[in-house]
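Visitor: Following our numbering, the numbering of the sequence shown begins with 16 at its first residue and continues without gaps.
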Amino acid sequence: MTKSVTTTRNGDVAVITIDNPPVNALSFHVREPLMEAFEALRDDASVAAIVLACAGRTFVAGADITEFGKPMQQPDLRALIATLEKIEKPTVAAIHGTALGGGLELALGCHFRVADKAARLGLPEVKLGLLPGAGGTIRLPYLLGPQKALKIIVSGTPIGVAEALDGGLVDAIADGELVAAAIEFARARAAEGKKFPAVRDRRDKVEQADLAAFDKDAAELAKKARGLEAPVACAQSVRNAITLTFDEALAKEREYFVKLVSGDQSRAQRHLFFAEREAAKVPGVGKDVAPREIRRAGVIGAGTMGGGIAMSFVNGGIPVTLLEMNSEALDRGLATIEKNYAISVSRGSLSEEAKARRMALFTRSTDYADLADCDIVIEAVFEEMAVKKEVFGKLDKVAKPGAILATNTSYLDVDEIATSTGRPQDVVGTHFFSPANVMKLLEIVRGKKTAPDVLATLLSLAKKIGKVPVVVGVCHGFVGNRMLASRSEESESLLLEGATPSQVDKVFADFGWPMGPFQMYDLAGLDIGWRNRKSLGKTAIIADPLCEQGRFGQKTGKGFYLYENGSRTPTPDPEVEKLIDDKARERGINRRTISAEEIAERTLYPMINEGAKILEEGIAARASDVDIVWTNGYGFPIGKGGPMFFAELEGIGKIVERLEYWHGRTGKDIFKPSALLKKLAASGGSFSDPKEAAA
Ligand code: 3H9
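#1: Closest to E120 by CA distance: which of P688, L99, F448 and R637 is it?
#2: Looking at C-alpha atoms only, which residue of K415, I643 and T618 is the closest neighbour of K482?
#3: Tell me which residue opens and which closes the beta strand (DSSP E) that F377 is part of.
#4: Return the bridge partner residues of G313 from the DSSP annotation.
#5: Considering only DSSP beta bridges, list what R128 is partnered with.
#6: Taking the beta strand (DSSP E) that T98 belongs to, which residues open and close that run?
#7: Under 7 Å from any heavy atom of the ligand 3H9, does the C-beta of C92 make it?
#8: Which whole-angstrom value is the C-beta distance of G348 and L337, which I expect to be below 8 Å?
#9: So, using beta-carbon positions, are H126 and F211 closer together than 8 Å?
#10: On the DSSP letters alone, give me the boundaries of the alpha helix (DSSP H) that C562 sits inside.
#11: Check whether the Cβ atoms of A108 and R202 lie closer than 8 Å to each other.
#12: If we count the other Cβ atoms within 10 Å of its Cβ and call it buried at 16 or more, is S327 buried or exposed?
#13: Just curious, the beta strand (DSSP E) that T113 is in, first and last residue?
#14: Below 7 Å CB to CB, which residues in the same chain sit around A611 once its five sequence neighbours on both sides are set aside?
#15: Can you grab the Cα-Cα spacing for the pair V714 / L499, in whole Å?
#16: For K302, which three-state DSSP category applies?
#17: Of all the options P48, R154 and T258, which has the alpha carbon lying nearest to the alpha carbon of A213?
#18: So, under 8 Å CB-CB, V45 and V20 are touching, yes? Tell me the CB distance rounded to an integer number of Å.
#19: Indicate, with yes or no, if the ligand 3H9 has a heavy atom lying under 7 Å from the CB of V300.
#20: Relative to the alpha-carbon of E394, which residue among S425, F526, P484 and P139 has its alpha-carbon at the smallest distance?
#21: Can you give me the Cβ contacts of A451 inside the same chain, cut-off strictly under 7 Å, excluding the 5 residues immediately before and after it?
#22: Checking 8 Å against the spacing of the C-beta atoms, do T445 and I459 come in under that value?
#23: Is the beta carbon of V145 within less than 7 Å of some heavy atom of the ligand 3H9?
#24: Can you tell me where the alpha helix (DSSP H) holding I670 begins and where it ends?
#25: Closest to E199 by C-alpha separation, out of T106, I315 and D640, would be which residue?
#26: Output the distance between the C-alpha atoms of G699 and K706, rounded to the nearest integer angstrom.
#27: Could you tell me if T23 is buried or exposed, where buried requires 16 or more neighbouring beta carbons within 10 angstroms of its beta carbon?
#28: So which of N547, K570 and Q569 has the shortest CA-CA distance to D559?
#29: Are any of the Cβ atoms in chain E nearer than 8 Å to that of T260?
#30: Can you give me the start and stop residues for the beta strand (DSSP E) that I419 sits inside?
#31: Measuring CA to CA, which of H286, T554, N423 and T586 is closest to L664?
#32: Assess, as a yes-or-no matter, whether the region 427 to 434 is touched by the region 402 to 415 under the definition of 3 or more beta carbon pairs within less than 8 Å.
#33: Does the Cβ of H111 have 16 or more other Cβ atoms within 10 Å, making it buried, or fewer, making it exposed?
#34: Determine the direct distance from the alpha carbon of F43 to that of A477, and round the result to whole angstroms.
#35: Which residue marks the beginning of the alpha helix (DSSP H) containing E244, and which one marks its end?
#36: Determine the closest residue to A122 out of S701, I33, K693 and R311, with distance taken between C-alpha atoms.
Below, the structure is given as C-alpha cells:
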C-alpha cells in the first residue's frame, strides 16, 4: 500500500507529498503523518524550505466528508494548520487540480502558493451546509480582501488562477512542471534569508476594508439564502475577520462550524453530495461497461425543449445536427438559441468569441438522412405516442448501427416507442427539464431492453454537458412527474375545501421552496397543463375555467394571480377567489379554514408516499435517487435533503399515521400508505437500511 504522506529532498528543500486517492481528502490517516512531517521538518536544521504537494489528479479537495458526524480523531485540521503556520522557514503549497475547502485552508497555512495554470481554488463548504471550519473565513479575507472573499465563500464557487494571482491568493503560476517550479520558488525565498509573515499576520486588507459596503453585500446575500443557515454564518464569520482579532475570529468560526455540522441542514446537504455520486452507480452497469463514443448529436425539433437540449450539447463542445420540418421552423429555433447566447454575452458570462464558436457547432437540417452520421439522436417532438413512434420508425431507417436513439419524454412508455425500431437495445428515454440548457436534472429512462452501454454512455455524456443524471424505470411520469401528480391533485382540492392560492403557496415558501404550486403554474403557463389534460381526456376544476378565460399565467398578466402592468409579483385576485367559491358551492362543498399544517401534510406526504411506491416497484434504485430528482429538477429545498431524506427527519411513523388519517377522511388512493412506508414505520428502519419488523 502506498503511504498517504511521503517526504523527499531536493537539496535543502523538502517536498511533502500527500497521496490519498481519489481526491487527497484530509482523512485521519493523512493528518497524522502530515503532522509528523511538519514537526520533523520544522526541527531539521538541514531543511531550508518546505514544499507541500499532492500526487494524483488534484491538490487536497477538502476535509474527509465521511468523517463528519463522528468523533474527530486528533490531530484535527486546525491543529495541523496551526503547526504549519508556525514554521519559520518558507513554506510553499504546490497546487494543481482543485484546492478546495480544507485543502485551500491547508494551503493558506503556508507562506506562499504556487499554482498550475489549470488549477482552481475555492471554499465550497457552503454547498455542504457548512462554513470553512479551519480558518478559511479569516485567512481568505486577509489575502483577498473581505468583499471578494465573501463572494467566493458564500457562493462556494472556485476561482481560476488568473483571478487568484490578481487578488493575491496565489503568488506565482508555474511555468512548466509544478513541483519543480514550487521548489525553485521555495529555494529563492529561502535565499532571501528573511522571515516571511504567516497569513494570520497579514491584516492590511481587512484593516482597509469598507465595513458599510461589506454589510451591504452581506445583506444582499442573506436575502438569497432562503432559510439556509450556512450562507448567513459564512457572511458573519467573514465579518468577524474584519472586526475581531485573528484568534477571536477563529474561535467564532469554530463555534459556527460545530453548530452547523451537527445540524439537519448540513446533514441533508452532505446526504445530497453523496447521493449525487451514488446516482451515477447504476445496477447492471459496472465499471467494465465502456461507454460508446459520442462525436456528434442529432436533435429533432428546434422548439423550446429541442433548442435547450441542443444548446446543452453545444455547451459541452459536442456538434449538433438540428432537424426541423422546414427551414422557417429552423430559423425560428436558431434565432431563439442565438438570443439566449446573446443574453449570456450581455451578462458577461459568455464572450462574443465563445458565442460564435458555439453557434458554429450547429448544422441545420430538414432531412432525416442528415442524421446518419450522428452517434446519438434525441427527439424532442410533440408529446404524443403516435408522433413519437413515427419519428422512431424514420430514425430506425437512417441512423447508423450503434447510434443511440433517445426520446425526450416526460410521461410516455419508452418500451412502446422502442417497438417501432428494430433495435430496442439502443433506445432510451432522456427526460430533460425546461429550460433544458439551464436545468441540471436529467432523468435517463431505462427501457426493458436498453443496453447497459447505452446507459453508461448517457451517464458520462450527462456529466460532460453539465447535467445531474438519475436512471429511472418506465412508468407514467417516471420519478419526478409521477410524484408531482399526487401533489397537484391535492393542491386543487385544498382550494375547493377552503384554502386560497396564496395561502398554499406561502406554506411552500415557508418550507423553503422557491415558489408554491400556483405561482409555478402561472410562471410555466397554465395552457401547457390544459393542453396535456385535453389530450388525455382529463379536466381540472379550477385551472380549466381559468384557461377558458384566457388566464394563462404571467404571460397574459393573469392566472391564479394578477400580474399588473407586466409585474412578476403575484397579487391575489378576488375574481379567482370567487371562481373557487362558485365551484365549491356547485359541488356542495362547505369551504372552511384550512391550517398551514394541513396544507403541508396533504401536499407533501402523498409525494413521499408515491416516492415509496416508486421504490417498491424498482422505478428508482434507491431513495437517494428520488432526492436527487427533486432537489435538481423541482426546487425541493436542499436544506431538507429531498423528500425521502425529509421523510426520515420528519419520522416515517408520523407520516404513515397522518396518511392513514387523510385516507380515512378523503378515501383517496394518494393517501393510502405504501407497503414500504408501513414496513419502515413498524420496524423503525430507514430507506437505506430497511430492517425487518419485529414479529
Ligand atoms: C471541508 O473541507 C471542511 C473544512 O473547511 C473544515 C474541517 C474542520 N471527502 O466528485 P467525484 C469522493 S468540507 C470524502 O466523483 P470529480 C466522492 O464521494 C469539504 N470523499 O470526482 C467520490 O467517491 P466515490 C470541502 C470525497 O473528479 C470520489 O471522491 N470540499 C471528498 O468529479 C470522487 O469524487 C468539498 O466540498 C471529500 N472531501 O470531482 C469538495 N470529495 O467514487 C468536494 C470527493 O466513492 N469534492 N470525495 O463515489 C468535489 O467537489 C469533487 O469531488 C472534486 C472532484 C471537484 C474534488
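The beta carbon of each residue, even a glycine, is placed where N, CA and C say it ideally should be.
Guide: Short version:
#1: In the sequence shown, residue 120 corresponds to position 105, counting from 1. For E120, the nearest C-alpha among the options comes from L99.
#2: Numbered from its first residue, the sequence shown carries residue 482 at position 467. For the residues K415, I643 and T618, the minimum Cα distance to K482 belongs to I643.
#3: In the sequence shown, residue 377 corresponds to position 362, counting from 1. Its beta strand (DSSP E) spans residues F377 to S380.
#4: Taking the sequence shown and counting its residues from 1, one reaches residue 313 at position 298. Bridge partners of G313: T336 and V392.
#5: As a first step, residue 128 must be located in the sequence shown, where it is residue number 113. Answer by DSSP bridge pairing, in chain order: A108.
#6: For the purposes of this step, residue 98 is taken as residue 83 along the sequence shown, with counting starting at 1. No beta strand (DSSP E) contains T98, which is instead part of the alpha helix (DSSP H) from L92 to K101.
#7: For the purposes of this step, residue 92 is identified with residue 77 of the sequence shown, where counting begins at 1. Here residue 92 turns out to be Leu, not Cys, going by the sequence shown. Within the cutoff, so yes.
#8: To locate residue 348, count along the sequence shown from 1; it is residue 333. To locate residue 337, count along the sequence shown from 1; it is residue 322. About 7 Å separates the two Cβ atoms, so the contact holds.
#9: Here residue 126 refers to the residue found at position 111 when the sequence shown is read from its first residue. Here residue 211 refers to the residue found at position 196 when the sequence shown is read from its first residue. Yes, the pair counts as a contact, with Cβ atoms nearer than the cut-off.
#10: Residue mapping note: residue 562 aligns to position 547 of the sequence shown, counting from 1. Run containing C562: A558 to E563, per the alpha helix (DSSP H) assignment.
#11: Along the sequence shown, one-based indexing puts residue 108 at 93. Along the sequence shown, one-based indexing puts residue 202 at 187. For A108 and R202, no; Cβs fall outside 8 Å.
#12: The residue labelled residue 327 in the question sits at position 312 within the sequence shown. Buried, since its Cβ has 16 or more Cβ neighbours within 10 Å.
#13: Numbered from its first residue, the sequence shown carries residue 113 at position 98. Element bounds for T113: T113 to L115.
#14: In the sequence shown, counting from the first residue as 1, residue 611 sits at position 596. Excluding residues within five positions, the ones whose Cβ falls inside 7 Å are V522.
#15: Since the first residue of the chain shown is 16 and the last is 710, residue 714 is not available in this structure.
#16: Translated into the one-based positions of the sequence shown, residue 302 becomes position 287. Coil, per DSSP.
#17: Numbered from its first residue, the sequence shown carries residue 213 at position 198. Here the closest residue by C-alpha is R154.
#18: Here residue 45 corresponds to residue number 30 of the sequence shown, with the count starting at 1. Here residue 20 corresponds to residue number 5 of the sequence shown, with the count starting at 1. Yes, V45 and V20 are in contact; Cβ-Cβ is about 6 Å, under 8 Å.
#19: Position 285 of the sequence shown, counting from 1, holds the residue named residue 300. No - the ligand 3H9 has no heavy atom lying nearer than 7 Å to the Cβ of V300.
#20: In the sequence shown, the residue the question calls residue 394 occupies position 379. Ranking the options by Cα distance to E394, first place goes to S425.
#21: In the sequence shown, residue 451 corresponds to position 436, counting from 1. Cβ within range, chain order: M320, G323, I324 and S327.
#22: In the sequence shown, counting from the first residue as 1, residue 445 sits at position 430. In the sequence shown, counting from the first residue as 1, residue 459 sits at position 444. Taking 8 Å as the Cβ cut-off, T445 and I459 qualify as a contacting pair.
#23: The residue given as residue 145 occupies position 130 in the sequence shown. In the sequence under discussion, the amino acid at residue 145 is Leu, which differs from the Val named in the question. Within the cutoff, so yes.
#24: As a working mapping, residue 670 is identified with position 655 in the sequence shown. Here the alpha helix (DSSP H) through I670 covers I667 to T681.
#25: The residue given as residue 199 occupies position 184 in the sequence shown. For E199, the nearest C-alpha among the options comes from T106.
#26: Residue 699 sits at position 684 when you count from the first residue of the sequence shown. Residue 706 sits at position 691 when you count from the first residue of the sequence shown. Near 7 Å, if we compare the C-alpha coordinates of K706 and G699.
#27: As a position in the sequence shown, residue 23 is number 8, starting the count at 1. Exposed.
#28: Position 544 of the sequence shown, counted from the first residue, corresponds to residue 559. Nearest C-alpha to D559: N547.
#29: Included in the structure is just one protein chain, with no chain E present.
#30: As a working note, residue 419 is residue 404 in the sequence shown. Run containing I419: I419 to T422, per the beta strand (DSSP E) assignment.
#31: Residue numbering aside, residue 664 sits at position 649 when the sequence shown is read from its first letter. For L664, the nearest C-alpha among the options comes from H286.
#32: yes
#33: Locating residue 111 in the sequence shown gives position 96, counting from the first residue. Buried.
#34: Translated into the one-based positions of the sequence shown, residue 477 becomes position 462. Translated into the one-based positions of the sequence shown, residue 43 becomes position 28. So the two alpha carbons sit approximately 34 Å from each other.
#35: Mapped onto the sequence shown, residue 244 falls at position 229. Residues E244 to T258.
#36: Taking the first residue of the sequence shown as 1, we reach residue 122 at position 107. Here the closest residue by C-alpha is I33.
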